[in-house]
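Here is the structure we will look at, set down as C-alpha cells.
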Amino acid sequence: MTLDVLSFRLTRMAGRLVSIATCALTGRRIIGAAVGLGLAFGAQAADVLIINYNLVPTTDTNLQTRLQLAGNTATIISSGALPTDLSMYSQVWDLGANAAISSGYANTITSYLQGGGTMFMMGENSGYGALRNAALSTLLGTLGGGPVTTGGYSPGTQAIIPELLTVNNTSSVTFNAVGKFTNVGSGLCITIECGAAAWGAGTLSNAMRGSIVSVLDVNFLDSDNFQPLFTDNLIGYLVQQGQIGNGPSATDIGTGAASYDASNLGTTLNPVFHGGTLNIDAPNMTLAQNFAIGTEGGTIQAVATNVTVTGTIADDVAGTPGALTVTGAGGRVTLQGVNTYTGATTVAPGTTLALSGAGSIATSSTVVADGTLDVSAASAPAAVQSLGGSGRVELGANSLVIQHGANTFGGVVAGTGGVAVAGGTQTFTGANLYFGATQVASGGTLVLSGTGTIAASSSVTVDGTLDVSGTSGAALQNLHGTGAVQLGAQTLLLQGTQSAFAGTVAGTGGVRLAPASTAVLSGSSAYTGATTIGSGATLALSGAGSIAASSGVTNAGTLDISGSTAGVTLAGLTGNGQVVLGSSTLTLSQGLGGFGGSISGAGNVVLGGGSTTYGTDQAYTGTTTVHGGVLSVNALLAGAVNVASGAELHGSGRIAGPITVAAGGRLAPGNSPGVMTTNSTVTLSAGSTFDVDVNGATAGNDAGFHDQLVVTGSTSQFVANGATLDVHLTDIAGLGAYTAYVPKVGDTYRIVVAEGGIGSTRFAALDQPDGLAAGTRLRLVYNTGTGLQTIDLKVVPTSLAAYGASVRYNRNALAVATSIDRMLAADDAGTATAAQSAMGNAVLALDGAALDATLVALSGEIHGALAAAQPLSGQQLQGAVAKHLSMSTTEGEARLTGWADYSTGETRWSADAVSSGARATHNALTVGVDVWQSGVSRVGVAAASTSTQVGSSAGSSGKLEDTLAVVYGQHGVAGFIGDAQLGYGTGHSRSNRADPLDAQAERLTTNLSTRQQFAAVGVRKAFDVAGTALEPFARFGVQQVKRDAGSEGGASPSALSIGELSATGNRLTAGLSVTGSEKNPMVSAYTFRGTVAVGRDGGDLLNPVVATTLNGMAGSVQAPDVGRGFVAANVFATRQIVPGAYAFAGLSGEARSNRVQKAVSVGAAIEF
9 MTLDVLSFRL TRMAGRLVSI ATCALTGRRI IGAAVGLGLA FGAQAADVLI INYNLVPTTD
69 TNLQTRLQLA GNTATIISSG ALPTDLSMYS QVWDLGANAA ISSGYANTIT SYLQGGGTMF
129 MMGENSGYGA LRNAALSTLL GTLGGGPVTT GGYSPGTQAI IPELLTVNNT SSVTFNAVGK
189 FTNVGSGLCI TIECGAAAWG AGTLSNAMRG SIVSVLDVNF LDSDNFQPLF TDNLIGYLVQ
249 QGQIGNGPSA TDIGTGAASY DASNLGTTLN PVFHGGTLNI DAPNMTLAQN FAIGTEGGTI
309 QAVATNVTVT GTIADDVAGT PGALTVTGAG GRVTLQGVNT YTGATTVAPG TTLALSGAGS
369 IATSSTVVAD GTLDVSAASA PAAVQSLGGS GRVELGANSL VIQHGANTFG GVVAGTGGVA
429 VAGGTQTFTG ANLYFGATQV ASGGTLVLSG TGTIAASSSV TVDGTLDVSG TSGAALQNLH
489 GTGAVQLGAQ TLLLQGTQSA FAGTVAGTGG VRLAPASTAV LSGSSAYTGA TTIGSGATLA
549 LSGAGSIAAS SGVTNAGTLD ISGSTAGVTL AGLTGNGQVV LGSSTLTLSQ GLGGFGGSIS
609 GAGNVVLGGG STTYGTDQAY TGTTTVHGGV LSVNALLAGA VNVASGAELH GSGRIAGPIT
669 VAAGGRLAPG NSPGVMTTNS TVTLSAGSTF DVDVNGATAG NDAGFHDQLV VTGSTSQFVA
729 NGATLDVHLT DIAGLGAYTA YVPKVGDTYR IVVAEGGIGS TRFAALDQPD GLAAGTRLRL
789 VYNTGTGLQT IDLKVVPTSL AAYGASVRYN RNALAVATSI DRMLAADDAG TATAAQSAMG
849 NAVLALDGAA LDATLVALSG EIHGALAAAQ PLSGQQLQGA VAKHLSMSTT EGEARLTGWA
909 DYSTGETRWS ADAVSSGARA THNALTVGVD VWQSGVSRVG VAAASTSTQV GSSAGSSGKL
969 EDTLAVVYGQ HGVAGFIGDA QLGYGTGHSR SNRADPLDAQ AERLTTNLST RQQFAAVGVR
1029 KAFDVAGTAL EPFARFGVQQ VKRDAGSEGG ASPSALSIGE LSATGNRLTA GLSVTGSEKN
1089 PMVSAYTFRG TVAVGRDGGD LLNPVVATTL NGMAGSVQAP DVGRGFVAAN VFATRQIVPG
1149 AYAFAGLSGE ARSNRVQKAV SVGAAIEF
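This is the structure:
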C-alpha cells in the first residue's frame, strides 16, 4: 500500500539543496539516494533513544555505533526506566523482541508519533515473540494502521524493496530466525517475505505525522548476525519520514485564500484543512491523499463535477474534532476511505456526498444533509453518528445506521434499504420513502414529528423507543421489537401482515389496523385511546399482551386472544368482527356496547360493567360472567351465563348453557318485553330478582306482549329458590311507544315454561305492581303436574269474595269465594294442601262468566235446594189429611172409611241474593183409613210415599224419597170442629252433579238418610149463608226435618263434605172454606169446596242452611231466601160413584216471596 501524499516541496537539508527522487514507500519526494550517509542524515545531529531489554548481547551497542556514525547522539536506557515523554527524541528504537506494551507506554508512543516522531519497534518470530507481536498489532491498530497480523517463520536471505535503499544500495538482508507479517494494514512490506514492514508518515490515521518500522528478528543486530548496511538504511528511512512529517512543507488548506485548487496537492498544497476550501478544479478527479482536518474545519467544493477521495480524512490532532463541509451546486463528492475525523459533516444544498466501497464517516459527530447523502454504493451499512438537515439520503439497497442520534432530519430517506437508530434520539420530520427495515435499538429513540413518516418501510423493529406524538398520526407497515412506542395523542396505523411487537405502546392516542393487516402484540401496552381493527384485519394478543388501558376496541376484523397466557381485559368492544378466545378469558370492563360480531372458542367472557348486546350468534362455549352492567342476548349464546350481584341479564335470544343468578343479580327475559330461551337449567339465588314486563296478553317481543322465559330440555329446570319476582305494568323502558295496558280478571301471563320442571322452590311473596285495576291483583300459579311445567301470573280479584260482591254474586257463590280466598292465602304461604292448591289454581284459570258459574257450581246449591224441598213431603201429607177431614163434616154412621189421595205438582224457588233458582217436582200417594167415626168425630191413620225430583238452575239435580205415617183425628163441639195430626217419616236425599272443574270427571253424588216428624192442630166452624156453607178455619203446626252428614266422595277437589241438617219450623194458617149446598160427598152426586188462606212460617225450616266443607274450608249453602208469609188456595169437587163412595179432584197452590207451589190431586173415599 502506498501512502496518500503524492507530493511535497523541496526540502533544504543541512543548508544545501539536494537532488529529489520519489519515495514509493511514502508517495512523497525524498532526498536522492546518491548522497552519503552523513549527507542523508543531515549536518544537524539528532538525539536518538535506544530502549534495551537485555535480550541479546551487543544489540544495543551495535545499533548505537551505527547511529553515532550517522552523526546522531544515541542514548541507551533500560526498559525498566521508560520515560513518559519522548518528544525530545527524533528517533526511538525499542528492542523489546518479546516484551508487552502497557497501556501507559502505548499512550506515550501515540503522543510521540502524533507529534511527528519516528520509531523502530522490534518483534520476533512467532515461536519467541508472540507476546510482543500481539501487542504490536494492537498498537498499530490503535494508531490507525491496522489491521496487522503476524505468523509463520521465514529465516534466510530476503530481498529489500528499492524504497528502503535510502543510504546504500545493499539489496538483501540475511535473517537468522525472522518471523513474518501476514497483514500490514496501511503499512508496506520492506522485505520480500515481509520479515520487516514500515508505516510511513501519513499512513497512521491517528498519528498522521509519525512513522514506524518493525523487524521480526532481534538477531540482525547481534554480533553473530549483524546486518550493518540494512541497519543504516533503516536509520536513513526514519530520518526521511521524520522530514516528511515535520519538515517545511507545502501550504495547508487554510483561510489565506478563498479556495485552493486540488490540482496543487502534492506540490504546493498539503492535504491538511485549517478552515479553508479545497476546490475541485478538474472533472472527475481522484484524490488519493489522506487528509487531516484541524479544529477550524474544511470544505470540499465540487461545482458541477465529481470527485472521488480514495484516501482517508482524519482529525489533524487526535481528540480535537475537525468538521467537513461538502458544497458545490451539481457536484458530487465520493468518499471511499474509512474516515476517522470526528467533527460534523455538512452536505450543502444541491451537493451530493457519496460513500462508496468501504467509505465511512462513522466517526463524524453528526451529518447535516441539506443536499444529498448517497450511501447506495457503500459495501457495508453506512454509519453516521446523527443525521440532520433537510435534504435527501439515498440508500439504494444499503442501510443507514444512526449511532447516536441527536438531530432532526427534515428531508427524505429513500431507497430499498433500511434505517437503524443504534442510540440517541433521531427525529424525522419528512415523508421518507425507503422500503427496507427500520430498526431502533435498545437505548435509541426515533421520533417522527410533523409530517414525518416511515410508512414505506417494510418493517419497524423497536427495541428502544419510537415516538410519534408530534405527528398527526403515524403509519407503519409492520412493527416488531421489545421497546416502546409513544403515541402522545396520535393514532398508530399498522398496515402490514407481519407485525409482532412485544414492547409497550403508550399515550392517549390509539392503534388502528388497516384492512387485511395482521399484528401480534405480546407486551403490556398502556395507551388509552381507541383500538380499531379494520375489515379483514387480525389483532392477536399473545402471552402477556395487553391493551387493557385502551378506551375500547372497534372490531371489523378479528381479535385473537387464544395465545394469551393470563387472559385479556378490554374497556369495551364494538363492531361486527370476530373474537377468537381459544381457552383464554376475555374481560370487558365496560361491556361490549352494540357488538354485532361473533366470539368463538372454549374460553370465558367476563363483563365488568356497561351495556353489552349480543345481536349475532356467539359460538364460544365458556362461561359468560356478568360482574356488572347489563348483558342482552338477542341471538344464540353457546355457553353458560353467571350473573353477579348488581348485574343484569336481558334479551330475546337463546342461551345454550346454564344460567345462574347470584343474590343481587337480575334476570329479565326479553328486551321489554320479549321471550328468552335457554337449553339448560336456570338457577336463581335467594336475593336475586326475576324481572317481568307485561304489556299484553301473550308472550312475545315488543310492545303489546309480555316477557317469558322458556327452558327447553327434559332435564332442564327452573329453580326460583325464593328469588324476588318484580313485575312491571308501567314505565317499561324498552317500549318505543308505550300504550297503557290494564289487565283484567282472568288474564293469564305464562312467564316461565320449563320442560324439565320447576321443582319445589318458589318465588318470594309477590309485591303487586303499579297499574293494576282496582280490586285486582296478580297471583303466581305454579303448574307442577305431569308434562310441561309452567309458572303463570294470573289476574285475580284482590279477594274473590270482594270481587263476587262487586259483581253481585249470590251468597252461596260468595261463601265459595271466601273459602277459595283462604285456600289461595294458604297456597301463597306454602301451607295449602295439594287439593287446595289445585282448586285455587283451577279457579284462577277461569275468567268472566266461566268464573262466575264455577263459583256457583262449587257451592253445591243442589244441597240447599234439597234441604229446602225436604219438608214438602210432610207438608203434602198434612194437606192431604186436612183435605180428607174437611170433607168429613157431616154426621154419618159409624163406619170405616178408607181413602186415597194422589197428588203431583211442583215448587219453584226464584233466584235471589242467596242462591240460584230451584225447582222441585213432587209426587205423593197417600192412603188412609178412618178407623173410628162418630158423627163428625173420627180417628184415622194414613201413610204416604213421596218422590221429589229437585233441580238447581246451577245445573245439578237431586231426589228425595220419603215414607211417612200419620195418626189423625177430629172432634166437633158446639159447632166447632177441631182436628189434630201427628206424623213421622224416613227417607233418602240423593244428589248428583258434574264436577265444576272437570266436566269429564266422575260425577259428584250423595245418598243421605232423612227423617222428619210433625204435629198439627186445627179448628173450623161452618156457617150456612143462603144455602152456602162458609167455614172459617185456623191451623197451627210444627215440623222438624233431619238429614245425615255425608260427602260427595271421590278424589276431586270439588267434592263437598255435607254437614248434618236439623231444621224446625212452625206454620200458622187462617182461612175460609166455601162449600156448596151439597155438603156430603158420600150421598150427593157432586160437591164443591174452595179454600183461601193466609199464613206465616216460622223457624229455620223455611230457609235451611246446609253446612259444607270444601277442601277443608268450612262454608254453607242454602236455597233462595223465601218469604215467611204466604197465601194459599185450593178448589176441588167430588162425584159420587156409588152410595158411600166418591171420587174427587182438585187444584191447590201457594205463593210467597221467591217461591210458588202448585199441585193437582185426585182421590177417592169409600165407606165400609
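Residue numbers (the working numbering): 9 to 1176.
A virtual CB, placed ideally from N, CA and C, is assigned to each residue, including glycine.
Item to check | residue 1049, enclosing beta strand (DSSP E) - first and last residue | outcome: Taken as a continuous stretch (DSSP letters only), the beta strand (DSSP E) holding residue 1049 covers 1036-1051.
Checklist entry - What's the C-alpha gap between residue 463 and residue 483? => result Approximately 5 Å, taken between the alpha carbons.
Next on the checklist: For residue 284 and residue 316, which I take to be in contact (beta-carbon distance under 8 Å), what is that distance rounded to the nearest angstrom?
Outcome noted: That pair is no contact at about 20 Å.
Next on the checklist: Nearest by alpha-carbon distance to residue 875: which of 547, 996, 307 and 212 is it?
Outcome noted: The shortest C-alpha separation from residue 875 is found at 996.
Checklist entry - Mind checking residue 1076: buried by the 16 CB within 10 Å criterion, or exposed? => result So residue 1076 counts as exposed.
Checklist entry - In whole angstroms, what separates the C-alpha of residue 699 from that of residue 644? => result Straight-line Cα distance between these residues: approximately 21 Å.
Checklist entry - Taking buried to mean at least 16 other C-beta atoms within 10 Å of its own C-beta, is residue 1163 buried or exposed? => result Result: buried.
Item to check | Residue(s) in a DSSP beta bridge with residue 295 | outcome: Per the DSSP secondary-structure output, residue 295 pairs in a beta bridge with 317.
Item to check | Beta-carbon contacts of residue 1150 that lie in its chain and below 7 Å, excluding the five residues immediately before and after | outcome: So the qualifying residues of the chain are 1089, 1090, 1142, 1143, 1144, 1172 and 1173.
Checklist entry - Can you tell me whether DSSP reads residue 503 as helix, strand or coil? => result Residue 503 sits in coil when the DSSP states are folded into three classes, being neither helix nor strand.
Next on the checklist: For the alpha helix (DSSP H) containing residue 68, name the first residue and the last one.
Outcome noted: First-last of the alpha helix (DSSP H) with residue 68: 67-77.
Next on the checklist: residue 1005 and residue 1060 - do their beta-carbons sit closer together than 9 Å?
Outcome noted: Taking 9 Å as the cut-off, the beta carbon of residue 1060 is found closer than this to the beta carbon of residue 1005.
Next on the checklist: Helix, strand or coil, according to DSSP, for residue 283 in the structure here?
Outcome noted: DSSP, reduced to helix, strand and coil, places residue 283 outside both helices and strands of the structure shown, so it counts as coil.
Next on the checklist: Beta-carbon within less than 7 Å of residue 457's beta-carbon, same chain only, minus the 5 sequence neighbours each way: which residues are those?
Outcome noted: Take residue 457, set aside five residues on each side of it, and the residues of its chain with a beta-carbon closer than 7 Å to its own are 435, 437, 478 and 479, in chain order.
Next on the checklist: Among the candidates 106, 123 and 235, whose CA atom is the shortest distance from the CA of residue 98?
Outcome noted: It is 123.
Checklist entry - Near residue 728, what residues of its chain come up, given a Cβ to Cβ distance below 6 Å and the 5 sequence neighbours on each side ignored? => result Counting only Cβ-Cβ distances below 6 Å, and skipping sequence neighbours, we find 692, 769, 770 and 771.
Next on the checklist: Just to confirm my understanding: we take residue 640, look at its own chain, exclude 5 residues before and 5 after, and list those with CB closer than 6 Å. What are they?
Outcome noted: Excluding sequence neighbours, residue 640 sits near 621, 658 and 659.
Checklist entry - Could you give the uninterrupted runs of the beta strand (DSSP E) lying entirely in the region 93-122, keeping only those of 3 residues or more? => result You should have 99-102.
Next on the checklist: Below 8 Å on the Cβ atoms is my contact criterion, and I expect residue 942 with residue 1097 to pass it. Report the Cβ-Cβ distance as a whole number of Å.
Outcome noted: Actually they are not in contact, since the Cβ atoms of residue 942 and residue 1097 sit about 23 Å apart, beyond 8 Å.
Item to check | Cα-Cα separation, residue 74 to residue 241 | outcome: In a straight line, the C-alpha of residue 74 is about 10 Å away from that of residue 241.
Checklist entry - So residue 844 is in the alpha helix (DSSP H); what residue range does that whole segment cover? => result Counted as a single uninterrupted DSSP element, the alpha helix (DSSP H) harbouring residue 844 occupies residues 842-852.
Checklist entry - Between the C-alpha atoms of residue 45 and residue 389, what's the straight-line distance to the nearest angstrom? => result Any reading at residue 45 must be qualified, since the residue scores a pLDDT of 37, below 50, and its modelled position is unreliable; the value itself is stated next. Distance between the alpha carbons of residue 45 and residue 389 is about 50 Å.
Next on the checklist: Here's the rule I'm using: 16 or more other beta-carbon atoms within 10 Å means buried, otherwise exposed. How should residue 1008 be labelled?
Outcome noted: Classification of residue 1008: exposed, given that the 10 Å Cβ count is below 16.
Checklist entry - Which first and last residues belong to the beta strand (DSSP E) in which residue 191 is found? => result First-last of the beta strand (DSSP E) with residue 191: 189-192.
Checklist entry - Grouping DSSP H, G and I as helix and E and B as strand, with all else coil, what is residue 554? => result Secondary structure at residue 554: strand, using DSSP grouped into helix, strand and coil.
Checklist entry - On the three-state DSSP scale, how would you describe residue 892? => result Residue 892: helix per DSSP, three-state reduction.
Checklist entry - From this set, 371, 1167 and 356, which residue's C-alpha is nearest residue 346's C-alpha? => result The shortest C-alpha to C-alpha distance from residue 346 to any of 371, 1167 and 356 is the one to 371.
Item to check | DSSP three-state assignment for residue 1157, whether helix, strand or coil | outcome: In the three-state DSSP reduction, residue 1157 falls in the strand class (E or B).
Next on the checklist: Could you give the first and the last residue of the continuous alpha helix (DSSP H) run that contains residue 146?
Outcome noted: Where residue 146 is concerned, the enclosing alpha helix (DSSP H) stretches over 138-150.
Checklist entry - Who are residue 701's beta bridge partners in DSSP? => result 736.
Item to check | Between the CA atoms of residue 427 and residue 453 - distance to the nearest angstrom | outcome: Each residue's alpha carbon lies about 12 Å from the other.
Checklist entry - Can you tell me the Cα-Cα spacing of residue 828 and residue 848, whole angstroms? => result Here the C-alpha atom of residue 828 lies approximately 6 Å from the C-alpha atom of residue 848.
Checklist entry - Who are the near neighbours of residue 831 in its chain, counting only those whose CB is closer than 7 Å to its CB and skipping five residues on each side? => result These residues qualify, in order along the chain: 840, 844, 847, 848, 1119 and 1121.
Checklist entry - Alpha carbon to alpha carbon, what distance is there between residue 1070 and residue 1081? => result Rounded to the nearest angstrom, the gap between the Cα atoms of residue 1081 and residue 1070 is 34 Å.
Item to check | Spatially closest choice to residue 938 from 1063, 231, 730 and 976, by CA coordinates | outcome: Among 1063, 231, 730 and 976, the Cα nearest to that of residue 938 is on 976.
Checklist entry - For residue 228, which three-state DSSP category applies? => result Three-state result, residue 228: helix.
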